[in-house]
Structures are given as C-alpha cells and as structure tokens.
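Presented below is the structure to which this report refers.
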C-alpha cells in the first residue's frame, strides 16, 4: 500500500503542526508515508472563484507529485472534496482520502493510544460532512452517523459536544471570506458563539480553513478558547 | 445598485435585526425538519418528485401541447408569451376588453419576474396585491424579500407604521390580529369591486388541463371566485403530467416551505364557472434557454417552496433585498444569471457552497453545484473585475511552480512575523474583524526535510 501525504498549501505554510500530527498518526498506525516534496495546492481557490479554467498547471503539478500512489491522504475535507470532484485525472479522483475517512474506511482503526482530557466542541465542516459524507446531516431524513465522532470515541478523556444547529456553515467559504467579508464574519461570530455556550476549551474539526476563520474571530474577541484539528487530538499522547 | 456583498454589509450593520431575521427563518427551517422527519418515505418522495420533474422537462413540449388542448376543451382560453413584455401585453389586452380600472392579484412570483405591476400602473390600471405580505411590501414600494414570506424582512412594528400611514390604523398599534383585520377590511372592497383577478399557478396538469393554486390565506380563491375574469399566469416549467403526480408535490411543498402538512388551500381550477372567463398565460421568458443548458436545466424543477432560502446561512444574514432580484436566495442565484449575466454576476458568489440548499430541496436541484458552474460560466465570459483575474492568474502561476510557491510562502511568513503591519491593516478584508493566523518559523515541508 503506497500512501502519500497531501499537505494543502496553507497548512504547509501556516499550520505545519496539523501536517506533522497527520504524518505521526499514520506512522503510529504502521503506515509508511511518503511526502512528495514539490506539491503545492489542490486548485480549489481558483476553481471556486470561477477560474477552474486556470488550474491546469496546478492540476498537472499535483498529478506529477501523486500519480504513483494507491492512497493520497490529506487533513482537509474541502481540498479533498475539490480533488475528488474536479481533478482531471480519474486515478487522482479515486485515490484521494480525507484523513478521518482513511482511518475509518481504509485502515478500519479500532483503537488509538490517544489521550485528551478536555471538553471540545465538534465542528462538522460542510465539505467534509455534506460533500464527503463524513457524517450525517440534519437536512436529510437519515440515521445519524459521524466518522469524526467514531474516532473521538477511541480517545481517552475527551468529551465532545455539538453546538446548537449542529451543521451550520462557519462562513469561511474560500474567497467568500474576503469578497463577502461582512456575511462571512457574522456567520463565524454566530458559530463561535454557539460553541462557546457549551463552555468548551477547544473547537475541533476536520477542516483547517474553517478553524483558521474561527480562530481569527476567537483571537479578535480575546477568547482563551483555541482551535485544533481533529488529528491533533487523535495523535495526542 | 449595490451588489450582494455591499447590500449585505448594510443589512448586517443592524446586528440585532440580523439576529432576529436569522432566528425567524431558522425557526421555519426547524419546523420543516420536524415534519419531514415524521415521514419515513421523505427521501423517496424527494426522489420521486425529482424524477417526475426530470421526465416532464425532457418532454416539456409534448406536455404543454397536451395541457393546452385539454384546457381549451374545458373552456379555458390559452395564451403563449415568449417573454415578459408579451405576457404583460396579453394581460393588459384582456383587462382593456373588460374595461377594468382595478384588479386584484394573489401572489405570483412570475408577475414579479415580469414586473407586471409597474407595467399596468403605467397604463393606468391599479393592481392590488391581496396576499397580506405582498400588500405590505406593495404599500412600502418594495419588492418581496422572500418568495413564500414576502414581508419577512419586516417586524410587526414596521407593519404597524406602514398601516398607520396607508390604512389609518392608530399610530403605535402593532397587534398582528388587529392589523390583519384592518387589511381584511381594506381588501374586501377591492375583492367585491374587481372585474379581473390574477393568480399564479403552482401546478398545471397536462392530463386534465386543470391548474392548482396553493395558498394559506384564501385570497386567490376569493379573487377568482368573485371576479368575472380570472387570469392565471404561469411559467412553462410548472407542468406535471398527471393528476396523481400532485400527491407527491402537495405533500412536499408545504412541508418544505413552512413545516405545514399541506397548504390551507390547494385549489383546482379546471373550467370557468357560468358567465366567467378564464385565461391562462404560458410564459417562456428565458426558460427554454435554461432548458437547453445541460448544467442548469434542472433549476427548472423548482416548485418555489423557499426551503433553500430558510436553510441558507448567507440568506438568513443578508436579507432577500441584497439579492436585487424578484427571486432571492440560493435558487434565485442560479436563476438570475439566465436573465442577465452581467447584472447578476455577484449572485453565484453569494454562497459558501456549504451544500445545505441542495439537501433540503424537495425536488433535488443541485443548487450549490450550479452556483459553482455559474461561477465558471460568468468568469469565462470575462465578467470578473480586472484585479480578480490578475490575482487568479498569479495564484495559478504560483501553484504551478513549486519553487516559486515555497519562496512566496517563505517571504509571506517572514513579512507576517517581522512586519505584521504590512498585512494587519484596513486594506486587508480578513483583518478587519479577524486576526491573521500566526506565521510559524518554518513550513511543514522544510520541517520534514530536516527531520530525515
């Protein structure tokens, strides 16, 4: 099983700890992980802004870095969804996995040695939840499930709670966060507020971009509450 | 005219009202959740509705002709209008023949789309909207901000003031029951005096030549039953093949719209009563153009329930008027570019693509995917501001070249760590109300290189 770690551009630059945790966690689980060194971006920032026609170079670069692997695993639902839906290569589309999806569906992880004795608010990111179907959604009449919660259940000490309106969008939305700044921030403030009502210590999710947005709002408010990617919890000794 | 982002910013300035608007519409979404979960067959119903609509759209021409012929057999006069102008002229010619100076109209989004009120007013005809919410916005010279709840942007205090001004209710009275009664008495005179009543159409049944109008207030029925002439205006996409298909749609419509099991009135109009004239106008107005577009065809499946409005986190926090179109919200954002691309270039971007809309849609329109397709279409047509195309080209170039990406990332982090004022300023929309992420000393890739 040849597994490559996909580290989205902004995670590489601003949240290296998320990529480190993903890498270490996979290694702990006995996976030999390759990290292609010339990877950049999945192409989503351009495509969602209406410039999918300009992502050819980006797509080619991605293909060159990842074509030789059976599984391409990354710690952000949104980038993975973009690749799954829009990358021109069928090979790439069918081998990309979001980390929780990979742990649950491919590795079928049944136990973890993680310990995180804190109360956390679980943020279900839209692209992970509705796009990749990592968990059930309140819009549909379906039985509840969550791959994120399934993994958190394997962590000692952690208590996770959902905010009111469990799957409302945080308002990040890619370039939306600056082109529709007012709505984006208001959505983020509302999301953060409903998490804070639960008296949590961390907001935890599977998409670093949502977390970056909510972190920016928490910090501006002077809040002590921090954000963490779910892999940082799953990898926490 | 303000674009969506500008209008939203203004809307959100009143933080308290934004909270109220958001919570009011979320309440409607929650009611929809509750009743939809009481039906074990809910998802099967959605699938069935979607398939019926797909089938109908694929055979639309045939069903329209079948409908026309059956409606004519029933004694209904059928008109065809290729666009809004033709539709408005047909309505006017019917009114002229009957010498009416005032007409009553129940809620019809099609007539909003065609700007019928404006057209008729210019011709000296008084149009009175009889739906309570529509009447309120009509008094205020506004347009509906929601296709099911047209005055949802207003609080009872606002309505009290409007009625004080136009109906002479006591100043400061904001009692909903009192105000509704005032509107009833005011409208009663128009109902009794009007020669012509206009209604919309929710479903037209090809098999029987009848049409169905769904309302909660009974105003459509009151108008149609009292007037000598009934004109029903419908977009050609309202067609369904058979009467038995109605069961699927009527069960979905009210549950999706307001969380009711069914609308208070689901009135079937099959033929004119004795001495009455009944007209139906079948309007294209861009629908066949949309039908020919593979990516956007199934937007025509819409049954106008507004579930996508109520669930949309952007709509709830920006209000319907920020969409500057008769049909706002997510569905409006995929319909509007079909009418005018450059005037509506902002709308497909008024979304985080969270996908909630597509999953509440009772006819399974892939709304969020169509928003994405419209973005591509509009940018391909060169409708992006220059700055945006340049920055996108720059990004595309950077991400195609790993060395340049690494260099840019390194420089960027350096700036943020040692000269944060370069990004932390009012020219950066991110920073206005959010802190920038902390820039780490090294990227993951450089950490990984040193790890080995």
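Protein chains in written order, with the working numbering: chain A, -5 to 231; chain B, 1041 to 1492. Glycine is no exception: its CB is placed at the ideal position from the N, C-alpha and C atoms.
Starting from residue i, follow the beta strand (DSSP E) in both directions and report where the run begins and ends.
{"i": "residue 1169(B)", "result": "1166 to 1169"}
{"i": "residue 9(A)", "result": "Residue 9(A) -> no beta strand (DSSP E), and no H or E assigned at all."}
{"i": "residue 220(A)", "result": "220 to 223"}
{"i": "residue 1121(B)", "result": "1117 to 1121"}
{"i": "residue 1255(B)", "result": "1250 to 1255"}
{"i": "residue 1317(B)", "result": "1317 to 1323"}
{"i": "residue 117(A)", "result": "113 to 117"}
{"i": "residue 91(A)", "result": "90 to 92"}
{"i": "residue 153(A)", "result": "153 to 155"}
Residues of chain A with a CB under 9 Å from the CB of residue i: which are they?
{"i": "residue 1371(B)", "result": "In chain order: nothing, as chain A lies at least about 15 Å away."}
{"i": "residue 1342(B)", "result": "The contacting residues do not exist; residue 1342(B) stays about 17 Å from chain A at best."}
{"i": "residue 1052(B)", "result": "176, 177, 179 and 180"}
In whole angstroms, what is the alpha-carbon distance linking residue i and residue j?
{"i": "residue 1429(B)", "j": "residue 1417(B)", "result": "14 Å"}
{"i": "residue 142(A)", "j": "residue 63(A)", "result": "25 Å"}
{"i": "residue 88(A)", "j": "residue 38(A)", "result": "17 Å"}
{"i": "residue 1377(B)", "j": "residue 1384(B)", "result": "5 Å"}
{"i": "residue 1369(B)", "j": "residue 1108(B)", "result": "32 Å"}
{"i": "residue 192(A)", "j": "residue 1066(B)", "result": "20 Å"}
{"i": "residue 1143(B)", "j": "residue 1367(B)", "result": "23 Å"}
{"i": "residue 1056(B)", "j": "residue 1472(B)", "result": "20 Å"}
{"i": "residue 1042(B)", "j": "residue 1362(B)", "result": "8 Å"}
{"i": "residue 1252(B)", "j": "residue 1221(B)", "result": "27 Å"}
{"i": "residue 6(A)", "j": "residue 1297(B)", "result": "44 Å"}
{"i": "residue 11(A)", "j": "residue 1484(B)", "result": "8 Å"}
{"i": "residue 181(A)", "j": "residue 1331(B)", "result": "35 Å"}
{"i": "residue 52(A)", "j": "residue 1431(B)", "result": "15 Å"}
{"i": "residue 1371(B)", "j": "residue 1327(B)", "result": "14 Å"}
{"i": "residue 1054(B)", "j": "residue 1211(B)", "result": "24 Å"}
{"i": "residue 1419(B)", "j": "residue 45(A)", "result": "7 Å"}
{"i": "residue 1101(B)", "j": "residue 1126(B)", "result": "20 Å"}
{"i": "residue 43(A)", "j": "residue 1424(B)", "result": "10 Å"}
{"i": "residue 1048(B)", "j": "residue 177(A)", "result": "7 Å"}
{"i": "residue 1305(B)", "j": "residue 1260(B)", "result": "9 Å"}
{"i": "residue 226(A)", "j": "residue 93(A)", "result": "12 Å"}
{"i": "residue 130(A)", "j": "residue 1219(B)", "result": "43 Å"}
Give me the chain B residues within the contact set of residue i, using Cβ-Cβ distance strictly less than 8 Å, ordered along the chain.
{"i": "residue 10(A)", "result": "1480, 1482, 1483, 1484 and 1487"}
{"i": "residue 70(A)", "result": "The contacting residues do not exist; residue 70(A) stays about 13 Å from chain B at best."}
{"i": "residue 135(A)", "result": "1076, 1077, 1079, 1080, 1082 and 1083"}
{"i": "residue 1(A)", "result": "1484 and 1485"}
So residue i is in the alpha helix (DSSP H); what residue range does that whole segment cover?
{"i": "residue 1309(B)", "result": "Segment 1305 to 1309 is the beta strand (DSSP E) holding residue 1309(B); no alpha helix (DSSP H) there."}
{"i": "residue 1288(B)", "result": "1286 to 1297"}
{"i": "residue 1439(B)", "result": "1426 to 1440"}
{"i": "residue 1163(B)", "result": "Unbroken run through residue 1163(B): none, as it is neither H nor E."}
{"i": "residue 204(A)", "result": "202 to 214"}
{"i": "residue 1229(B)", "result": "1216 to 1233"}
{"i": "residue 1093(B)", "result": "1082 to 1098"}
{"i": "residue 1400(B)", "result": "1396 to 1400"}
Taking Cβ-Cβ distances shorter than 7 Å, what residues in chain B pair up with residue i?
{"i": "residue 31(A)", "result": "1485"}
{"i": "residue 35(A)", "result": "1439"}
{"i": "residue 13(A)", "result": "1484"}
{"i": "residue 39(A)", "result": "1435"}
In chain A, which residues lie with their C-beta within 7 Å of the C-beta of residue i?
{"i": "residue 1073(B)", "result": "132"}
{"i": "residue 1390(B)", "result": "174"}
{"i": "residue 1049(B)", "result": "176"}
Kindly list, in the order they appear in chain A, the residues whose Cβ is closer than 8 Å to that of residue i.
{"i": "residue 1452(B)", "result": "7"}
{"i": "residue 1395(B)", "result": "120, 121, 124 and 125"}
{"i": "residue 1445(B)", "result": "3, 34 and 35"}
Flag this pair as touching only if the segment 1354 to 1362 of chain B and the segment 124 to 136 of chain A have three or more C-beta atom pairs under 8 Å; answer yes or no.
no
Across the segment 160 to 172 of chain A and the segment 1381 to 1396 of chain B, are there enough close Cβ pairs to call them in contact, namely three or more that are closer than 8 Å?
yes
Output, in sequence order along the chain, the residues in the segment 162 to 176 of chain A whose CB is closer than 9 Å to any CB in chain B.
162, 163, 164, 165, 166, 167, 168, 169, 170, 171, 172, 173, 174, 175 and 176
Using Cβ-Cβ distances below 7 Å, what residues of the segment 41 to 52 of chain A are close to chain B?
42, 43, 44, 45, 46, 47, 48, 49, 51 and 52
For the segment 138 to 161 of chain A, enumerate the residues whose C-beta is nearer than 9 Å to any C-beta of chain B, in chain order.
159 and 161
Using Cβ-Cβ distances below 8 Å, what residues of the segment 193 to 222 of chain A are close to chain B?
206, 207, 209, 210, 211, 213 and 214
Taking any Cβ of chain A, which residues in the segment 1428 to 1439 of chain B have a Cβ under 8 Å from it, in chain order?
1428, 1429, 1432, 1433, 1435, 1436, 1437, 1438 and 1439
Counting pairs of Cβ atoms below 8 Å between the segment 1286 to 1298 of chain B and the segment 1222 to 1240 of chain B, do you hit three or more?
no
Contact between the segment 1465 to 1478 of chain B and the segment 56 to 70 of chain A is defined here as three or more beta-carbon pairs at a separation below 8 Å; is this criterion met?
no
Answer yes if the segment 1240 to 1258 of chain B comes into contact with the segment 1276 to 1287 of chain B, meaning at least three C-beta pairs across the two stretches below 8 Å, and no otherwise.
yes
Quick test of the definition: if touching needs 3 or more C-beta pairs under 8 Å, does the segment 1104 to 1120 of chain B touch the segment 1307 to 1322 of chain B?
yes
Contact between the segment 133 to 142 of chain A and the segment 1320 to 1329 of chain B (3+ Cβ pairs under 8 Å):
no
Count the CB pairs spanning the segment 1160 to 1180 of chain B and the segment 1334 to 1352 of chain B that are closer than 8 Å, and state whether there are at least three.
no
The segment 15 to 23 of chain A touching the segment 1460 to 1467 of chain B, judged by at least three CB pairs closer than 8 Å
no
Does the count of Cβ pairs from the segment 1170 to 1188 of chain B and the segment 1134 to 1149 of chain B closer than 8 Å reach three?
yes
Are the segment 210 to 218 of chain A and the segment 77 to 85 of chain A touching, with three or more C-beta to C-beta distances below 8 Å?
no
If you measure beta-carbon to beta-carbon, which residues of the segment 1109 to 1127 of chain B are closer than 7 Å to chain A?
none
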